[in-house]
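Worksheet for the structure shown next.
Protein chains in written order, with full-length UniProt numbering: chain R, 1 to 332; chain Y, 1 to 332.
Put into structure tokens, the structure is as follows:
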């Protein structure tokens with residue numbers, strides 16, 4: 001294993017110490033593994049939090065800040081955050097208007113967020129949850145009942161965070177997040193497996209001439225393995241899966257994310273985006289907004305995902321609203 | 001070779017088509033390989049351009065926009081842009097106040113930018129050049145006489161671009177860029193070699209338990225190979241090289257870039273940043289501003305670089321000035 005680490009068991013805490021040093025405008029509790037926006041809790045503002053296993057950076061810690069998340073709770077690598085941790089984050093951002101949990105659909109995450117929500121409820125904090133399950137590759141997976149939550153999480157967090165900033169209620173913020181999830185579909189392809197620090201070796205074996213079609217962000221199996229194809233055919237596969245699962249009427253507007261899984265360079269992501277843009281144009285879909293880069297990653301996995309989110313004027317307005325976080329920043 | 005490409009010879013043009021689709025606010029000439037800020041040329045404003053071989057994305061195309069570069073000319077992967085291309089970019093951004101070329105110190109880049117500057121001069125465009133040679137690992141290298149230009153290029157481009165935005169003269173913009181370069185030192189370590197699309201295999205062999213200390217951004221040899229070390233010792237090596245080459249007085253302020261070379265995930269870069277911050281604090285250096293991420297890359301190379309730039313109040317003011325580019329954006 002070749003990684004810039006000191007101790008496989010300390011990777012998350014040491015990375016959190018680095019985040020704390022790099023972003024003094026965030027409050028980072030390294031021991032409890034919580035990243036909180038400096039001005040939280042804000043009285044009357046709904047708190048928006050997310051979390052999940054580490055290894056998907058910048059998700060979620062990189063999205064904490066004005067206009068997006070109020071807090072993130074990273075678990076150990078590919079391991080759910082624990083209920084106490086989520087509870088502490090929930091209480092840290094509760095300004096009296098309630099808290100929205102944005103939860104990717106993995107069994108451990110769902111269970112632990114739900115337990116934290118119940119504990120918070122016992123302490124008088126109103127918690128609403130949004131489940132993200134945008135990955136259309138497979139129904140049920142290694143750690144998931146139903147579909148996995150992946151790239152759309154970023155869009156859900158941006159839109160919910162922007163709405164919370166306007167003083168909307170917790171129910172309204174959660175409903176907006178749920179609508180974005182419902183309108184989103186993602187599909188990923190891996191060229192290599194990722195290596196967790198604790199395992200020290202790739203999570204699966206993939207022959208030099210094959211790719212995993214429909215991979216999950218922890219290396220979960222996809223639909224099938226097949227011979228490596230040219231980029232435009234990879235994009236065609238992904239768009240076909242996305243548009244079959246969630247058809248878009250011609251003339252629809254969409255937010256599109258072409259996302260690297262950590263080990264794929266930006267030059268390839270832009271090349272892929274060109275093919276995605278051409279494919280969606282052919283389908284009559286207008287890309288109203290886009291992001292190209294490494295946002296929802298899988299450690300060092302070479303791979304990519306495409307997320308297409310149907311977006312109405314309200315969603316676009318919330319997408320465009322100012323945001324100031326380590327990994328997403330505009331208008332502020 | 002596992003890459004998302006269609007044709008090894010078309011990678012740069014196809015990536016440029018993707019950049020054009022993703023960023024309609026830039027003018028991209030895919031055939032001539034030039035990316036120009038939409039509002040260029042602006043009468044009376046100095047044009048700032050850079051370029052070099054592709055494969056280092058987001059450098060340079062990702063830094064075109066308000067407050068930074070007016071144009072970028074990407075060559076083929078790891079290959080200098082040609083004089084005609086640089087000349088066309090120079091003329092495209094000349095608003096009558098002259099143009100500044102920011103050139104990384106590689107022999108082909110230096111030669112071709114100089115030729116373009118002479119041709120532009122013949123056509124009445126005043127061109128000033130800034131040579132970036134911040135990599136303190138080695139004197140002379142595979143494609144370089146003197147020191148290589150690497151991570152500091154981003155800081156030079158930001159500061160020069162911000163100064164140009166204020167209406168400063170070409171001579172002043174170039175002088176500011178040169179001062180930033182002079183105040184900067186970088187050092188890189190590779191865990192793996194990168195693979196160019198045309199070669200189809202890694203540029204060098206590196207055993208599973210070794211790292212290349214002082215590597216260049218094209219995989220040029222560094223100072224030595226040695227056994228893989230824990231991250232904090234890797235950082236200590238890098239900071240020792242940097243502070244030996246360009247000592248910083250205790251109490252100095254610095255802009256620090258912890259940069260991934262393309263295949264290293266963000267969680268490791270933050271972990272490294274924590275060690276860099278601790279090391280510089282020990283040396284009495286105050287990190288006034290920082291960037292952590294993949295900015296000056298080497299395709300899919302797993303590796304990192306550290307850049308330390310001594311920064312006075314004027315440099316910090318220009319660093320903080322609004323910027324609006326695909327890869328760097330704040331205050332706008």
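In this text, a Cβ means the ideal position worked out from N, Cα and C, and glycines have one as well. From a predicted model like this one, the values you see are computed outputs, not experimental measurements.
Going along the stretch 259 to 284 of chain R in order, which residues come within less than 7 Å of chain Y, judged by CB to CB distance? 262, 263, 264, 265, 266, 267, 268, 270, 271, 272, 273, 274, 277
For the alpha helix (DSSP H) that residue 29/R lies in, which residues bound it at each end? No alpha helix (DSSP H) contains residue 29/R, which is instead part of the beta strand (DSSP E) from 26 to 29.
Positions along the stretch 43 to 76 of chain Y whose CB lies within less than 8 Å of some CB in chain R: 54, 55, 57, 58, 62
Residue 20/Y to residue 27/Y span [Cα, whole Å]: 7 Å
CA-to-CA distance, residue 265/R to residue 7/R, given in whole angstroms: 27 Å
Please confirm if residue 196/Y has its CB atom under 8 Å from at least one CB of chain R. no
Is the stretch 288 to 305 of chain R close to the stretch 185 to 201 of chain R, with three or more CB pairs under 8 Å? yes
Grab me the residues of residue 201/Y's own chain with a C-beta within less than 7 Å of its C-beta, minus the 5 sequence neighbours each way, in chain order. 1, 195
Proximal chain Y residues relative to residue 155/R, where beta-carbon distance stays under 9 Å: Residues of chain Y passing the Cβ test: none, with the nearest at roughly 16 Å.
Using a beta-carbon distance below 8 Å, is residue 15/R in contact with chain Y? yes
Which residues in the same chain as residue 153/Y place their Cβ atom closer than 6 Å to its Cβ, once the five residues preceding and following it in sequence are excluded? 104, 132
Comparing C-alpha positions only, which one of 101/Y, 77/Y, 135/Y sits nearest to residue 244/Y? 135/Y
Could you check whether residue 48/R and residue 176/R sit closer than 8 Å to each other, using their CB atoms as the reference points? no
Outcome for residue 85/R when other beta-carbon atoms lying within 10 angstroms are tallied against a minimum of 16: buried
Cβ contact check for the stretch 202 to 211 of chain Y and the stretch 260 to 274 of chain Y: 3 or more pairs under 8 Å: no
Neighbouring residues, chain Y, relative to residue 304/R (Cβ below 7 Å): 4
Which complete alpha helix (DSSP H) runs does the stretch 78 to 112 of chain R hold, if anything under 4 residues is left out? 83 to 92
Count the other CB atoms within 10 Å of the CB of residue 167/Y; is the residue buried (16 or more) or exposed (fewer)? exposed
Please identify the residue among 80/R, 97/R, 230/R whose C-alpha is closest to the C-alpha of residue 14/Y. 230/R
Rounded C-alpha distance that separates residue 219/Y from residue 145/Y: 16 Å
Please state the DSSP three-state secondary structure of residue 246/Y. coil
Please determine if the stretch 64 to 80 of chain R and the stretch 117 to 131 of chain R are in contact, where contact requires at least 3 C-beta pairs separated by less than 8 Å. no
Taking the beta carbon of residue 198/Y as the centre, do at least 16 other beta carbons fall within 10 Å, making it buried, or is it exposed? exposed
Residue closest to residue 109/R, alpha-carbon to alpha-carbon, out of 77/R, 12/R, 94/R: 77/R
Under 9 Å from the C-beta of residue 300/Y: neighbouring residues of chain R: 263, 264, 265, 268, 302
From 290/Y, 160/Y, 310/Y, residue whose alpha carbon lies closest to that of residue 254/Y: 310/Y
Taking residue 41/Y as the reference, give the member of 96/Y, 161/Y, 121/Y with the closest Cα. 96/Y
Going by CA-CA distance only, name the one from 158/R, 327/R, 121/R, 161/R that's closest to residue 291/Y. 327/R
Go ahead and label residue 57/R buried or exposed: buried means 16 or more other beta carbons lie within 10 angstroms of its beta carbon, across all protein chains shown. buried
Determine which residues of the stretch 226 to 238 of chain R have a Cβ less than 7 Å from any Cβ of chain Y, and write them out in chain order. 228, 230, 231, 232, 234
Do we get a CB-CB distance below 8 Å when we pair residue 191/Y with the residues of chain R? yes
Chain Y partners of residue 297/R, CB-CB under 9 Å? 265, 266, 267
How many angstroms separate the CA atom of residue 325/Y from the CA atom of residue 332/Y? 10 Å
Could you work out which residues of chain Y lie near residue 330/R, taking near to mean beta carbons separated by less than 7 Å? 329
Backbone CA spacing between residue 341/R and residue 44/Y [nearest angstrom]: This structure cannot speak to residue 341/R, because chain R is shown only from 1 to 332.
Nearest-angstrom Cβ-Cβ length linking residue 150/Y and residue 305/Y, presumed shorter than 8 Å: 6 Å
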